[in-house]
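A.B. asks: Okay, so the sequence shown: first residue is 21 according to this note's numbering, each after it adds one. Note that beta-carbon positions come from the ideal geometry of N, C-alpha and C, so glycine has one too. Just so you know, these numbers come straight off a predicted model, no measurement behind them.
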Amino acid sequence: MESKMRDLEFLPKHFEPKDRERDIYQTWEKNGYFKAKVDPKKKAFTIVMPPPNVTAQLHIGHALDNTFQDAFVRQHRMLGEEALWIPGVDHAAIATEAKLVEQLKSEGLTKQDIGYDEYMKRAYAWKDKYANRIISQLRYLGSSCDWDRQRFTMDEGFSEAVLAVFVKYYKQGYIYRGERIINWCPNCKTSISDAEVNFAEQQGHLWYVRYEIENEPGHYIEVATTRPETILGDTAVAVNPNDERYKDLVGKRCLVPLVNRWIQIVADEYVESEFGTGCVKITPAHDPNDYEVGLRHNLEIINVMDETAHINENGGSYQGLSRDEAREKIVSDLDACGALVKVEDYKHNVGSCYRCHKVIEPRLSKQWFVKMRALADKAMAASDAGEVTFVPNRFKGIFDNWMNNIRDWCISRQLWWGHRIPAWYCADCGEITVASSTPSVCAKCQSEHLTQDPDTLDTWFSSALWPFGVLGWPNFKVPYTKEEFDYFFPTSILVTGYDIIFFWVARMIFQSLELTGKAPFHHVLLHGLMRDANGIKMSKSLNNGVDPLKIIDEYGADALRFAIVSGTASGNDQRYSKEKLETARTFINKLWNALRFLLGHLADDSTYLTENELKDLVKDANLRLEDRWILHRCNALVENVSTNFQNYEIGTALDNIYNFFWTEYCDWYVEIAKARLFDEQDTSRNVALKCLRYVLETIVKLLHPFMPFVTEEVYQYLPNHGETIMLAAWPTYVAELNDEQSVNHMEMLIQAIKEIRNVRAEKKLKPSLRFKVLCYTQDEKIKNLLKVSAHYFERLCGVNAIEFLEDQTKAPKLAITIVLPKTHIYIALSDLIDLKAEKERLQAELSNLTNEVKRFEAKLSNQEFVNKAPAKVVDNERNKLAVAKQKLQATEARLAALS
21 MESKMRDLEF LPKHFEPKDR ERDIYQTWEK NGYFKAKVDP KKKAFTIVMP
71 PPNVTAQLHI GHALDNTFQD AFVRQHRMLG EEALWIPGVD HAAIATEAKL
121 VEQLKSEGLT KQDIGYDEYM KRAYAWKDKY ANRIISQLRY LGSSCDWDRQ
171 RFTMDEGFSE AVLAVFVKYY KQGYIYRGER IINWCPNCKT SISDAEVNFA
221 EQQGHLWYVR YEIENEPGHY IEVATTRPET ILGDTAVAVN PNDERYKDLV
271 GKRCLVPLVN RWIQIVADEY VESEFGTGCV KITPAHDPND YEVGLRHNLE
321 IINVMDETAH INENGGSYQG LSRDEAREKI VSDLDACGAL VKVEDYKHNV
371 GSCYRCHKVI EPRLSKQWFV KMRALADKAM AASDAGEVTF VPNRFKGIFD
421 NWMNNIRDWC ISRQLWWGHR IPAWYCADCG EITVASSTPS VCAKCQSEHL
471 TQDPDTLDTW FSSALWPFGV LGWPNFKVPY TKEEFDYFFP TSILVTGYDI
521 IFFWVARMIF QSLELTGKAP FHHVLLHGLM RDANGIKMSK SLNNGVDPLK
571 IIDEYGADAL RFAIVSGTAS GNDQRYSKEK LETARTFINK LWNALRFLLG
621 HLADDSTYLT ENELKDLVKD ANLRLEDRWI LHRCNALVEN VSTNFQNYEI
671 GTALDNIYNF FWTEYCDWYV EIAKARLFDE QDTSRNVALK CLRYVLETIV
721 KLLHPFMPFV TEEVYQYLPN HGETIMLAAW PTYVAELNDE QSVNHMEMLI
771 QAIKEIRNVR AEKKLKPSLR FKVLCYTQDE KIKNLLKVSA HYFERLCGVN
821 AIEFLEDQTK APKLAITIVL PKTHIYIALS DLIDLKAEKE RLQAELSNLT
871 NEVKRFEAKL SNQEFVNKAP AKVVDNERNK LAVAKQKLQA TEARLAALS
């Protein structure tokens with residue numbers, strides 16, 4: 021980028037994000053800084069962006085996720101690696117279809133009204149609109165993606181990969197079609213997988229219902245149920261085979277009330293004798309566990325609900341009622357006929373659709389499934405072997421638990437938007453032909469009467485191929501090459517929220533292992549969710565969401581990135597607050613002012629240091645204590661931040677940089693160095709400038725992954741800068757800068773100065789007041805240090821002289837004492853205040869407080885007042901007395917100290 025040194029006299033007083041951020045980004049993109057290519061001499065670093073859904077614009081959670089990724093990409097780019105960040109968007113079948121159906125409804129239309137082809141035109145128009153909006157937002161955020169490699173989960177190449185995997189799995193026997201109980205969303209009108217069901221505890225009821233035993237008038241078996249509406253589909257009652265209470269009933273029949281259907285009483289280990297009455301009604305068509313019991317006992321399966329969770333024709337007189345309406349009516353009818361025994365309050369987990377949050381309905385349906393056991397075992401083996409590591413590690417246990425208990429994955433969805441299942445049914449022989457492209461004839465009977473399955477694939481089936489599919493796998497058509505795939509895959513790290521570890525992370529792992537033979541990424545960094553300032557999860561319904569674009573317009577992208585990363589810890593939720601944005605804005609101004617201060621003292625480029633010159637600087641006779649200290653501390657910062665990145669402690673890294681810059685660099689080093697900079701005759705002036713410039717440049721390089729725009733601007737104003745900070749070398753640890761002794765000495769001085777400053781603040785001393793300090797120490801090194809450091813005390817805490825006591829007993833009696841290691845510092849009170857006037861003031865205050873205490877005591881000793889006044893008033897007077905006594909004691913102590 022073009023040097024700005026010649027424009028120094030026009031250096032703005034502030035960094036204005038609106039004026040500069042987008043121009044800087046355009047320059048980066050124009051110059052191709054985000055692009056990556058195969059370079060055998062370099063190590064590859066690859067990240068694939070978790071593709072945002074094309075349902076709307078990005079939210080603050082996306083901003084957090086992409087800021088983390090960008091920080092890693094930028095840091096590895098500065099490390100000299102070939103860093104590739106592949107962006108893209110996801111078609112998000114259920115969520116997008118819900119938006120499209122809603123849009124059609126507002127026009128008085130349905131999908132069926134406009135037909136499949138017109139619907140797909142609308143869907144792609146929607147995708148184009150929101151994908152473009154998302155990409156624009158990512159650019160505003162500063163995301164340094166290789167935009168030429170942008171992918172979409174339904175683009176041509178990726179769709180080919182999806183179909184190829186389906187065909188491969190079908191031929192291997194991993195994919196099959198069968199009738200099983202699935203999770204059905206009556207609102208979205210589609211099946212969803214187990215991972216897409218959110219369970220939450222709800223207050224409900226337990227209804228106890230009695231079923232008459234056949235040929236035993238007046239004898240009943242009593243069951244407990246949380247869903248009385250499913251009584252319409254009961255085909256058995258089950259008891260535990262070891263339950264002595266019901267052994268004689270097994271094999272008999274009982275009558276389902278209201279329905280008047282005779283059903284078997286069976287024994288099955290599934291039943292928990294302690295639950296309810298120990299008898300469980302079995303409805304195979306509406307409960308996954310009941311379904312398994314039904315298979316074991318060859319029970320009839322009766323589906324009593326349609327796709328909208330309304331009672332169907334099998335429900336008799338209840339047909340047409342919603343499940344909630346049917347529940348109410350059935351309970352009323354059971355009560356009326358005497359079959360309802362009792363009702364108890366009962367808390368239980370209820371599953372809901374993760375997208376629309378409506379209660380799901382277990383439903384018997386013919387769907388496509390993936391056999392999961394072998395795939396899950398491979399994924400766990402890879403995790404156990406360290407091929408994939410989770411950060412924080414506690415998520416490995418969560419991952420293992422889910423994979424151990426995984427069931428076959430239902431992958432078919434009753435939607436139009438998505439990858440159409442590549443299966444065709446023959447109308448003549450019933451054969452299923454599975455192929456990547458449309459077959460012309462039936463594979464079995466050669467009939468041309470073929471109909472494609474109307475369902476689409478689960479979104480997560482396609483997005484599970486993302487890490488390798490985006491690199492052209494498996495066909496590697498132009499512009500994708502096998503060479504690039506081998507160089508950039510496996511990817512280095514996946515950054516995503518912990519809430520999709522089941523939906524996406526686990527599925528990418530087992531798909532990649534099965535299809536490529538490799539884990540898709542080496543590490544998984546799972547960050548928390550963004551919550552509002554009160555810790556509540558952001559949502560549209562609560563109206564507590566935050567639009568990142570509005571924040572960027574007001575504060576800038578750098579401020580937003582700082583605010584959402586600062587203070588984060590891996591795996592923990594993060595609270596958003598406007599105060600952090602204000603802190604970020606102040607920090608940016610401070611950084612800019614540090615640049616302006618430095619440039620105001622630079623006459624030329626002589627302060628620039630090569631690595632060898634930096635190492636030689638420590639030998640310079642003009643290098644002072646504060647210089648050695650700041651170089652050592654800066655060196656430690658480089659080491660700490662680099663380690664933070666290696667350990668994925670991004671929030672800690674940013675906080676370390678912030679604290680060092682604000683406190684050690686600005687508050688201490690700059691303030692100490694000012695005396696040398698303003699003295700043109702000081703022989704150490706240029707050394708101070710070299711240290712100031714080196715440390716500031718190191719800070720902006722370390723800060724660049726987090727706040728890319730302002731750091732680029734600062735870097736461009738520094739003399740002898742490179743083309744762009746993006747390609748500048750990441751700061752490295754320089755052993756020659758270590759100086760523990762200087763650090764110990766400087767930190768002792770800083771502690772002493774802080775203590776003296778505290779005295780000034782507590783005594784509310786005027787800045788113009790100067791005083792001396794008396795020091796006592798038997799350590800000659802400390803004494804010599806304090807002697808040569810008088811200028812620090814004079815400049816930073818208003819001490820005009822330092823004197824030394826040979827005998828500690830000679831310290832003034834009326835003095836403030838500061839205790840440091842091996843050292844005592846005394847400040848005579850007579851130097852700070854007028855002792856006579858202070859004694860008179862305290863004496864007057866003592867007299868007033870004494871009278872106040874007497875007044876309160878007299879009032880409270882009056883029994884008429886205590887007995888008749890409200891208790892609140894009496895308590896208030898007692899509190900006043902207690903406070904007055906405390907003040908009296910404190911004043912007496914202060915007066916005694918001066919006497």
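1. Check each candidate in 673, 67, 283, 718 and name the one with the smallest Cα separation from residue 164.
2. With respect to the beta strand (DSSP E) encompassing residue 754, which residues constitute its N-terminal and C-terminal limits?
3. Nearest by alpha-carbon distance to residue 102: which of 94, 109, 108 is it?
4. Kindly indicate which three-state DSSP category residue 791 falls into: helix, strand or coil?
5. For residue 22, does the count of other Cβ atoms within 10 angstroms reach 16, so buried, or fall short, so exposed?
6. Sorted by chain position, which residues of the same chain lie with C-beta nearer than 6 Å to residue 227's C-beta, five sequence neighbours on each side aside?
7. Name the one or two DSSP bridge partners that residue 612 has.
8. Please confirm if residue 872 has its CB atom under 7 Å from at least one CB of chain C.
9. My parser needs the alpha helix (DSSP H) runs of 4 or more residues fully inside the region 688-717; what are they?
10. With residue 452 as the anchor, note down where its beta strand (DSSP E) starts and where it stops.
11. Between the region 525-544 and the region 579-590, do three or more beta carbon pairs fall short of 8 Å?
12. Going by beta-carbon coordinates alone, are residue 259 and residue 243 separated by less than 7 Å?
13. Looking at C-alpha atoms only, which residue of 610, 290, 151 is the closest neighbour of residue 261?
14. DSSP state of residue 381, grouped into three classes?
15. Comparing alpha-carbon positions, which option in 264, 870, 204 lies nearest residue 308?
16. With DSSP as the reference, identify every bridge partner of residue 105, one or two as the case may be.
17. Inspect the beta-carbon positions of residue 454 and residue 187 and report whether they are closer than 7 Å.
18. Which residues mark the beginning and the end of the alpha helix (DSSP H) in which residue 671 is found?
19. So what does DSSP say about residue 218, is it helix, strand or coil?
20. Just the C-alpha distance for residue 842 and residue 414, rounded to the nearest angstrom, thanks.
21. Should the region 471-486 be called in touch with the region 494-507, which here means at least 3 C-beta pairs below 8 Å?
22. Whose C-alpha, out of 512, 252, 269, is nearest the C-alpha of residue 278?
23. Which full runs of the alpha helix (DSSP H) of 4+ residues lie inside the region 630-674, going along the chain?
24. Just reading off the beta strand (DSSP E) that residue 445 is part of, what are its end residues?
25. At 3 residues or longer, what runs of the beta strand (DSSP E) sit wholly inside the region 196-243?
26. Which two residues bound the contiguous alpha helix (DSSP H) that contains residue 177?
27. If you drop the 5 nearest sequence neighbours on each side, which residues of the same chain put their C-beta closer than 7 Å to that of residue 83?
28. List the endpoints of the continuous alpha helix (DSSP H) containing residue 355.
29. Hey, out of 293, 254, 265, 267, whose CA is closest to residue 282's CA?
30. Between which two residues does the beta strand (DSSP E) harbouring residue 9 extend?
31. Span of the alpha helix (DSSP H) holding residue 724?
32. On the CB-based measure, 16 or more other CB atoms within 10 Å of its CB, does residue 427 come out buried or exposed?
33. Given that a residue counts as buried once 16 or more other Cβ atoms are within 10 Å of its Cβ, and exposed if not, what is residue 671?
34. For residue 763, which residues of its own chain have a beta-carbon under 6 Å away from its beta-carbon, when the five flanking residues on both sides are left out?
35. Could you give the residue range of the alpha helix (DSSP H) that holds residue 338?
36. By the three-class DSSP mapping on this structure, what secondary structure does residue 130 have?
C.D. replies: In short:
1. By 1-based counting over the sequence shown, the position of residue 164 is 144. Selected option, being the one with the closest Cα: 67.
2. Mapped onto the sequence shown, residue 754 falls at position 734. Counting along the chain, residue 754 falls outside any beta strand (DSSP E), and DSSP gives it neither H nor E.
3. Position 82 of the sequence shown, counted from the start, is the residue given in the question as residue 102. Per the Cα distances, 94.
4. Counting from one through the sequence shown, the residue named residue 791 turns up at place 771. Residue 791 falls in the strand class under three-state DSSP.
5. Sequence index remark: in the sequence shown, residue 22 carries index 2 (1-based). For residue 22, the pLDDT reaches just 46, beneath the cut-off of 50, and the residue's location in the model is therefore unreliable, although a value from the coordinates is still provided. Exposed, by the Cβ-count rule.
6. Mapped onto the sequence shown, residue 227 falls at position 207. The residues are 245, 248, 363.
7. Within the sequence shown, the letter at position 592 stands for residue 612. None, per the DSSP bridge assignment.
8. Included in the structure is just one protein chain, with no chain C present.
9. 691-697
10. The sequence position of residue 452 within the sequence shown is 432, counting from 1. Residue 452 -> beta strand (DSSP E) spans 452-454.
11. no
12. As a working note, residue 259 is residue 239 in the sequence shown. As a working note, residue 243 is residue 223 in the sequence shown. No, the Cβ-Cβ distance between residue 259 and residue 243 is not below 7 Å.
13. Indexing the sequence shown from 1 puts residue 261 at position 241. Checking every option, the nearest Cα to that of residue 261 belongs to 290.
14. To locate residue 381, count along the sequence shown from 1; it is residue 361. Strand at residue 381.
15. Taking the first residue of the sequence shown as 1, we reach residue 308 at position 288. With distances taken between Cα atoms, residue 308 lies closest to 204.
16. For this step, residue 105 is matched to residue 85 along the sequence shown. The partner list for residue 105 (beta bridge, DSSP) reads 67.
17. Taking the sequence shown and counting its residues from 1, the one referred to as residue 454 is at position 434. Taking the sequence shown and counting its residues from 1, the one referred to as residue 187 is at position 167. Contact: yes.
18. Taking the first residue of the sequence shown as 1, we reach residue 671 at position 651. Counting along the chain, the alpha helix (DSSP H) containing residue 671 begins and ends at 670-679.
19. For this step, residue 218 is matched to residue 198 along the sequence shown. Residue 218 falls in the strand class under three-state DSSP.
20. Along the sequence shown, one-based indexing puts residue 842 at 822. Along the sequence shown, one-based indexing puts residue 414 at 394. Roughly 46 Å separates the two Cα atoms.
21. no
22. Residue mapping note: residue 278 aligns to position 258 of the sequence shown, counting from 1. That would be 252, whose Cα lies nearest to the Cα of residue 278.
23. 631-637, 645-666
24. Within the sequence shown, the letter at position 425 stands for residue 445. First-last of the beta strand (DSSP E) with residue 445: 443-446.
25. 210-212, 217-233
26. Counting from 1 along the sequence shown, the entry for residue 177 is found at position 157. Where residue 177 is concerned, the enclosing alpha helix (DSSP H) stretches over 176-192.
27. By one-based count along the sequence shown, residue 83 stands at place 63. 161, 568, 580, 584, listed in sequence order.
28. Along the sequence shown, read from residue 1 onward, the residue named residue 355 stands at position 335. Where residue 355 is concerned, the enclosing alpha helix (DSSP H) stretches over 343-356.
29. Stepping through the sequence shown from its first residue, residue 282 is reached at position 262. Ranking 293, 254, 265, 267 by Cα distance to residue 282 puts 254 first.
30. Beyond the ends of the chain as shown, which are 21 and 919, falls residue 9; an answer cannot be given.
31. Here residue 724 refers to the residue found at position 704 when the sequence shown is read from its first residue. Here residue 724 belongs to no alpha helix (DSSP H), and DSSP marks it neither H nor E.
32. On the sequence shown, residue 427 is found 407 positions in, with the first residue counted as 1. Residue 427 is exposed by the Cβ-count criterion.
33. The residue given as residue 671 occupies position 651 in the sequence shown. Classification of residue 671: buried, given that the 10 Å Cβ count is 16 or more.
34. If you number the sequence shown from 1, residue 763 lands on position 743. The residues are 649, 652.
35. Numbered from its first residue, the sequence shown carries residue 338 at position 318. Residue 338 -> no alpha helix (DSSP H), and no H or E assigned at all.
36. For the purposes of this step, residue 130 is taken as residue 110 along the sequence shown, with counting starting at 1. Coil.
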